[in-house]
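Q:
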Amino acid sequence: MNGNTVVGLTHGSAVVRIATSTVLAQQLQSLVDNILIDKNTVISSIELHAQLLEYCAARNQDAALVVLEALCQAHNIPITDIHVVIQQNTLNEDAARLVLRAYYSLWNIAAAHRCYRSAKHTPPPALFSTDSLQLTAMFGGQPGSSSYLAEARWLLDVYRPLLSDYVTRMALFLKCQVRDARLAPVYKKGLDLLQWLTRPESAPDAEYLVSAPVSMPLTGLVQLMQITVLQKTLGVSPGDLAQYFNAVAGHSQGIAIATVFSMLSDEQSLGELSTKVLGILMLIGALPQIQHPSYSFVNNTANPQFIQPTDSAPRPMVYVRGIARMALDELLYEFNDDQLPEDEHVHIAVVNSYDQFVVAGTVKSAVRLVEVLRSRSAQPEEDQSKVPFSKRKPIITASYVDITVPYHCSLLANAVFMVYDIAQEKQWVLAASDMRLPVCASNDGHDIREEADITRYIIESICVLPVDWPRAIASHETTHIIDFGTGGFAGFGQLAYKNVEGRGIPVICTGALVAQPQHAHLGTKADLYQSEMGSITNAPNWLTEFGPKLVRTAHDSKVHIDTRMQRTLGMPTVMVAGMTPTTGNEAFVAAINNAGYHVEFAGGTINSDAEVKERFIGLAAQLEPGKGITLNCIYINPRQWGFQYPALLRMRKEGLPIAGLCIGGGVPSFENALNIINELRAGGFRHVSFKPGTAESIRNVVQIAKASDGFPILLQWTGGRAGGHHSFEDFHQPILETYAAIRACDNIALVAGSGFGDAEGTLPYITGDWSQCFGRAPMPFDGVLLGSRVMVAKEAGTSLGAKELIVAASGLTDSEWDTTYKSSQGNVLTVTSEYGELNHMLDTRAARFSQIIHKSVLSKPRDKRLSILLARKDEIIARLNSDHVRPWFGRKPDGRVVDLEDMTYAEVVSRAVDLMYIKHQQRWINNTYQRFVLDFIGRTERRMCSVTTDTSLASELDSADPLSLAECVIKAYPAAEMQLLMSEDVQFFIALCKRRGQKPVPFIPVIDADFGMLFLKDTTWQSDGVETIVDQDPQRNSMASIDPAGDADDDCVFFVSLAALSQSAFRDPANLISGVCLCHLYCALACFISVAFII
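Per my numbering, residue 190 is the first one in the sequence shown, and the count goes up by one each step.
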C-alpha cells in the first residue's frame, strides 16, 4: 500500500506481515520487538497472529485494531466466521481458545465492530437460513462431575467481553440467594462463582461442587452462557436466536433452561428469565438435599468383592449400562421384593438410551443395588462365546452418578410443594403463555405448553417424573439437534446421537470448539457458523442410503430392487449360500445361476485337486454365456483350502468363468485376508465373501474392507440361528453393535441369512424394519441368502425321503432358536461336529445318537475316551447298525457282528463292496472307493502269494463286476475264504480307511482313538443320496449337518416352521427364489414407485 510500512513477525515457519501507517508501524514494531514467544513451541501463522493481537490489546488499542484488521483480511473474516477459520486451520483446543480470546478481545471497542459479525451486514449462517431445516435446541442435565466449572471458566476466559456483564450479574444473584436461611445449611462453602472462575485456586473441592445445591444452578448457568455467546457472535437478539429453532428439549434439569429458551425475546428478557430459572434450580438443588442429606457411607461398608477402584463415594443414583430394559425391570422387581420398607425401593429414574439407565433410591439401597448388578454381570474379559446367547450374563456397568439427591424419584414428592411455595414467594414463576416454541417433556415428549402451571411442572419434572430421553427427542420432527449442554463431545450430544444414530440427524455440540477423530460423527461450534450446508457435519440416514430402491433396466425395461448387493453382483437381492451337499451339485447350481441368481458352489464334496478341475469344467459347461462361478471354500480346513484355493486361481487364469470366492469357516487374519484379496484382484475376480461368526469377527472384516482398496466384499451374517456350523451368537445383537461400522465401508454389501424360508420373513431385513423393535433406526440389509430352504427345491439333489423329513419338521419360532442345545425342539436338534462346533440338524435317530456320543464320550478328555468307548462297545455297535449312516464294518455272512480281525480276507472284500457299491444303480458311491477295494485286494494277493508275478490280480480286476470281486479273489487264492486277517493287514485296512485324498469310508472299521473322526467326518452328503444309506433309511442320516470338509458356516437346517415350506416344498429353485424376490419387489413398488429410473 502507498504510504504504508510493513511490520513483520516471524516464529519458525510462521510469519505475520502487517501494513499500516508509518506512525502506527513504529508503535507496532516496538510491540513486536518486545513480545516474548516460547522458542520451543511450534505454532501456525494464525496462532502467531493471535498472540500478537492479544499482546497489543493489553498495551496499545490502536495497534491492536490494526492487527485485528490484518487478521480479518488474511482470513476473510467476518464473511468467514472466526470459528470456521479455526476449523479450517485444524487448530488444537488450546490454540483455538487462544485465537478466539484474541479475536474477541476488542469486542467492546466501537472501532472494531466492523470486524465482527452483524445481522445487518453479514448473512446468517446456513444452519439458520435454510428454510427446509427443522432445528431442535437441546439442553442437558447434570454432567455427573465438577467439570462444568472448568467449562464455565474457559467460556468466560475466551469470550470475556461478551460474557463478563452477564456472568457478573448472575454470580451476584446466586451469591445473594445463599443468604436465605432456608437454603444456607447446604451452602457451607458459599456460592462465590465469580471468585471461583477468576481465581481457580479458590474453588471448593469436587465433593462440594457435585452437590446438588451447587451443581444444579451452575450447570444451568453454563448453558445460559452458551446461549449468550451464540446470540452475540451471530449478531442477533436472544429472541431472534430462539426463533431459528422449531422445538426445544431438555434432559432432566435441562427442561428448565429449555423452557426459558422458548421464552426469550430481548437482552432484558434473557437477564430476567435467567435469574428466575437459576433461582428455581437453586431451590430444586437445595431443598431436596436438606430433606435427603448425604449418608455417611464409605466404600468399606459395601461388600469388598464388588468394589471397584474407580468407584466414587456412594450416591443415591446409579448409572447402569449394558442391560436391556426388560431385563433391568425384572431385576429391579426382584430387588424391591427383597426390600421390606417401601421407601428403600429403587426405581428407574432416567432412560438415556436402549441400554443406558439411571436408577434412583436411598444411598443404602443404591449400594446394595450396585452389588447385585455387579454380581449378575460377566467380566468384560470373560469368554462367553461358547455360551448360548440367551444364557449369557450381560456385561453390566454399574457406577454411582455424582449427584447427591435421588431426582426423578417418588422420594422427592414432598419436596415439590416446598420448592413451589418458595418459588412463588420469590416470584420465580414462569408462564406458559410466554413460551414461543414447543418444549418436549422429558418423560414422554408432549409439548409442556399444555401444562396448566409451567413452574410446578418443571419442578415435578426434575424431582419426581422419570426421564425417557429416546422418547423425548423423537417426539418432534427435526433435521438437526443443537446441543447447548455441558461436556462438549462427552456430554449430552453424544447421548442424543446414540438415540438418533442412523436417522440422518446431525448433533452439533456448542461446547466443542475443535473436531476430534474419535468424535467425527458429532458437529462442533464451527458448524453453527458455516455459510454452506455442505460444510456442516452430516449424519448418515441408513434407510435413505441403504434401503431398497427401484431401478428400471434399459435393455428389458424391467423394474428391479437396487441395493449394494445388486450392484456388486449384478443380480437380485436373494442368493443361495454354499451348502454341502445341496449346492455341491453342478446341475442344481447351474439351474439357479442360469435363472439369474447368485449361488455358491460348495467345495465340501471335492476331495482332490484333480476333482476340482473336473467339477468346475462340468459346471461351466452347463452355464449360459456371461454367467460366473463362485466357490464356497472352507478356510478352517487347511487341507481343503490348500488345494482348492490355488486351483481356483489357476482355473481363472486358464479362462474358466470364475467370478468370486466365499471364504467360510472363519475369517483369515488381517494380513492373510489382504493377501488373498490382492491375489483375487490380480486374477480378475469380481468379489469375495466373508462369513464372520461374532461381533468381533465382523469388526475384523470391516478392517479388512477398509484396507482392501475398494475391492467388493459380501459380508454374510447368519449368527447362531442358521443351520450347519455356527456360533452361539444371536442374529440381531452383533449387527446392532456393528451396523454403523459396516456401513462406514463403501465396499461391503451386507447379506442376511438365518433360517429364512419365505418373503415374509426376509422382507423386514431388506427394508430395515427389523431393528426398530430394538429402539434403533432402520438397518436395511443389502440382500438375503437362502440355505436350508432350497434343500427341498425340485432340482435339489436331496432325496425324497429327506425332503419329506424336512417338510414334516415343525421348526422353531424366533425366540426359541437356542433351546435345541439341550434337547430336541420342533424336530430340530443341536449336535457337535468333529471340529467341536455346533450344528443344527433334523432330529433323526442318527442326530440323537450323535448327540449321545458327544455328551458321553467325545466331550470327555481325549485320554479317557477310548476306555469309555470300549466299555460300551457292544451298545455303540448296536446303535451304529440300527441308527447311523455308518454301520459297523465287522460282520460275518450270517449277519453276526464281529471285529475286523475275525473276518476272512474274502469276507472283508465282500463287505467293503456291499457298503461302497450301489447294486441297483451299478455304481460305486465314489470313485475312490473302487481304488480302496482294489488296494486291499492287492494286499490280499501279496499275503497269499509267495511268488512275485508280472501282473497283479488287482489290476486285472480293475474293470470287473464289483459284485464278483470276492469270488475272483477266492478263485485265485482259495485260502482267502478261510484265513482270518493277519494283525498287520488289520492295521493296513484301518490305514486305508483313514487315507487322505479319498472320500471318508461309509462304515466304522474299528473303535480306536480316531473314533470321533470316523464317526463324524463327512456325514451329511447322504441327504443327497439316500440310496447310499443302509436300508435307504433317511433317519440314519445326520440330516443337514454340514460336511466338516465343507463350509463351516454354511446354512444347513435351521427350520423356520412355516406352512409355506411344506406347501411349496418341491418347487424348482429358480421359482422358489424368484417368489421371494417378487414379493420384495411388490412391497418396494408400493413404497418407492416414484424413484424408479433407467440404468
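Cβ atoms here follow ideal geometry from the backbone N, Cα and C, with glycine treated the same way.
Determine the direct distance from the alpha carbon of residue 256 to that of residue 273, and round the result to whole angstroms.
A: One C-alpha to the other measures close to 19 Å.
Q: Does the beta-carbon of residue 851 have 16 or more other beta-carbons within 10 angstroms, so that it is buried, or is it exposed?
A: Label assigned to residue 851: buried.
Q: In angstroms with no decimal places, state the Cα-to-Cα distance between residue 594 and residue 393.
A: Cα to Cα, the separation comes out at about 19 Å.
Q: If contact is defined by three or more beta carbon pairs under 8 Å, each pair taking one atom from either stretch, is the segment 682-690 in contact with the segment 646-655?
A: At 8 Å Cβ cutoff, the stretches do not touch.
Q: As a quick exercise: from 284, 948, 709, pick the residue whose alpha carbon is nearest that of residue 930.
A: Of the candidates 284, 948, 709, the one whose C-alpha sits nearest the C-alpha of residue 930 is 709.
Q: Would residue 795 and residue 819 be called neighbours here (beta carbons separated by less than 9 Å)?
A: No; because the gap between Cβ atoms is not below 9 Å, this pair is not in contact.
Q: Count Cβ pairs between the segment 402-410 and the segment 621-639 that sit closer than 8 Å; are there 3 or more?
A: Too few Cβ pairs lie closer than 8 Å, so no.
Q: DSSP puts residue 506 in a beta bridge; with which residues?
A: In DSSP, residue 506 forms a bridge with 549.
Q: Please classify residue 905: does DSSP put it in a helix, a strand, or coil?
A: Strand.
Q: On the three-state DSSP scale, how would you describe residue 296?
A: Residue 296 falls in the coil class under three-state DSSP.
Q: Could you name the residues that DSSP lists as bridge partners for residue 753?
A: Paired residues: none, contrary to the question.
Q: Ignore the nearest five residues each way along the sequence and tell me which others in residue 224's own chain have a CB closer than 8 Å to its CB.
A: Cβ neighbours of residue 224 beyond the five flanking positions: 198, 240, 241, 244.
Q: Taking the Cβ atom as the reference point for each residue, do residue 863 and residue 893 lie within a distance shorter than 9 Å?
A: Closer than 9 Å, so yes.
Q: Can you check whether the CB of residue 474 is closer than 9 Å to the CB of residue 374?
A: It is not a contact, given that the beta carbons lie outside the stated cut-off.
Q: Which whole-angstrom value is the C-beta distance of residue 973 and residue 951, which I expect to be below 8 Å?
A: That belief holds up - the Cβ atoms of residue 973 and residue 951 are roughly 4 Å apart, short of 8 Å.
Q: At 4 residues or longer, and completely inside the segment 951-1039: list those alpha helix (DSSP H) runs for me, N to C.
A: Fully enclosed alpha helix (DSSP H) runs of 4 or longer: 989-997.
Q: Measuring CB atoms only, is the segment 251-270 touching the segment 284-299, in the sense that at least three cross pairs come out at less than 8 Å?
A: Output reads yes: the segment 284-299 touches the segment 251-270.
Q: What span of residues does the beta strand (DSSP E) with residue 822 cover, start to end?
A: Run containing residue 822: 818-823, per the beta strand (DSSP E) assignment.
Q: Is the beta carbon of residue 462 less than 9 Å from the beta carbon of residue 449?
A: Closer than 9 Å, so yes.
Q: Taking Cβ positions, are residue 221 and residue 326 nearer each other than 9 Å?
A: No; because the gap between Cβ atoms is not below 9 Å, this pair is not in contact.
Q: Report yes if the CB atom of residue 842 is closer than 9 Å to the CB atom of residue 817, and no otherwise.
A: In this structure, residue 817 does not lie closer than 9 Å to residue 842 by Cβ.
Q: Is it buried or exposed, residue 487, if we count other Cβ atoms within 10 angstroms and call 16 or more buried?
A: Note that residue 487 scores a pLDDT of 41, beneath 50, so its modelled location is shaky and nothing firm can be said.
Q: Go through the segment 856-899 residue by residue and report every complete run of the beta strand (DSSP E) that reaches 3 residues or more, in order.
A: Fully enclosed beta strand (DSSP E) runs of 3 or longer: 876-879.
Q: Have a look at residue 673 and residue 454 and give me their C-alpha separation to the nearest angstrom.
A: Approximately 18 Å, taken between the alpha carbons.
Q: Considering only residues of the same chain and omitting the five flanking positions on each side of residue 297, which have a CB-CB separation below 8 Å?
A: 350.
Q: Would you report the Cα separation of residue 196 and residue 248, rounded to the nearest angstrom?
A: About 17 Å.
Q: Among 725, 694, 1178, which residue has its Cα nearest to the Cα of residue 704?
A: For the residues 725, 694, 1178, the minimum Cα distance to residue 704 belongs to 725.
Q: Checking 9 Å against the spacing of the C-beta atoms, do residue 1071 and residue 1034 come in under that value?
A: A contact, by the Cβ cut-off of 9 Å.
Q: With DSSP as the reference, please indicate the residues paired to residue 330 in a beta bridge.
A: Partner(s): none; residue 330 has no beta bridge.
Q: What is the DSSP secondary structure of residue 1204, counted as helix, strand or coil?
A: In the structure shown, residue 1204 sits in a helix (DSSP, three-state: H, G or I).
Q: Note down the Cα distance separating residue 427 from residue 460, rounded to an integer number of angstroms.
A: Going from the Cα of residue 427 to the Cα of residue 460 covers about 10 Å.
Q: Apart from the five residues just before and just after residue 1143, which ones in its own chain have a Cβ nearer than 6 Å to its Cβ?
A: So the list reads 1123, 1126, 1127, once near-sequence residues are dropped.
Q: One question on the structure: do residue 662 and residue 647 come within less than 9 Å of each other, judged by their Cβ atoms?
A: Taking 9 Å as the Cβ cut-off, residue 662 and residue 647 do not qualify as a contacting pair.
Q: DSSP three-state call for residue 451: helix, strand or coil?
A: Residue state, collapsed to three classes: helix.
Q: Decide if residue 193 is buried, meaning its Cβ has at least 16 other Cβ atoms within 10 Å, or exposed.
A: The residue is exposed, with fewer than 16 neighbouring Cβ atoms inside 10 Å.
Q: Kindly examine the ligand FMN and report whether one of its heavy atoms sits closer than 8 Å to the Cβ of residue 963.
A: As far as ligands go, the structure on display features none, and thus does not contain the ligand FMN.
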